[in-house]
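Structure record follows, encoded as structure tokens.
Residue numbers (my numbering): 438 to 499.
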């Protein structure tokens with residue numbers, strides 16, 4: 438099965454060929470850069486960066 442060809446649903450322009458999982462992810466974000474940017478900011482934020490307060494003890498950001 439050939440890899441899916443990514444395309445802009447508004448213009449039909451083909452920017453490239455993606456892996457199926459990447460194509461599905463873009464589809465779930467509706468090809469909206471602002472939504473993908475917020476998702477990236479969430480992943481890069483403090484939610485995923487606990488603070489080590491003692492050996493084996495971490496505190497999550499409040």
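Even glycine gets a Cβ: it sits at the ideal position worked out from N, Cα and C.
According to DSSP, is residue i part of a helix, a strand, or is it coil?
{"i": "residue 497", "result": "coil"}
{"i": "residue 489", "result": "strand"}
{"i": "residue 451", "result": "coil"}
Going straight from the alpha carbon of residue i to that of residue j, what length do you get?
{"i": "residue 496", "j": "residue 482", "result": "15 Å"}
{"i": "residue 503", "j": "residue 449", "result": "The requested residue 503 does not occur in the structure, where the chain is confined to residues 438 to 499."}
{"i": "residue 490", "j": "residue 454", "result": "45 Å"}
{"i": "residue 479", "j": "residue 473", "result": "10 Å"}
{"i": "residue 447", "j": "residue 468", "result": "10 Å"}
Starting from the C-beta of residue i, find all residues in its chain whose C-beta is less than 8 Å away, skip the five residues before and the five after it, and write them out in chain order.
{"i": "residue 476", "result": "466"}
{"i": "residue 452", "result": "443, 444 and 445"}
Can you find the residues in the same chain that come closer than 7 Å, C-beta to C-beta, to residue i, ignoring five residues on each side of it along the sequence?
{"i": "residue 487", "result": "495, 496 and 497"}
Spatial neighbours of residue i within its chain, please: CB distance less than 6 Å, with the 5 preceding and 5 following residues excluded, ordered by chain position.
{"i": "residue 462", "result": "none"}
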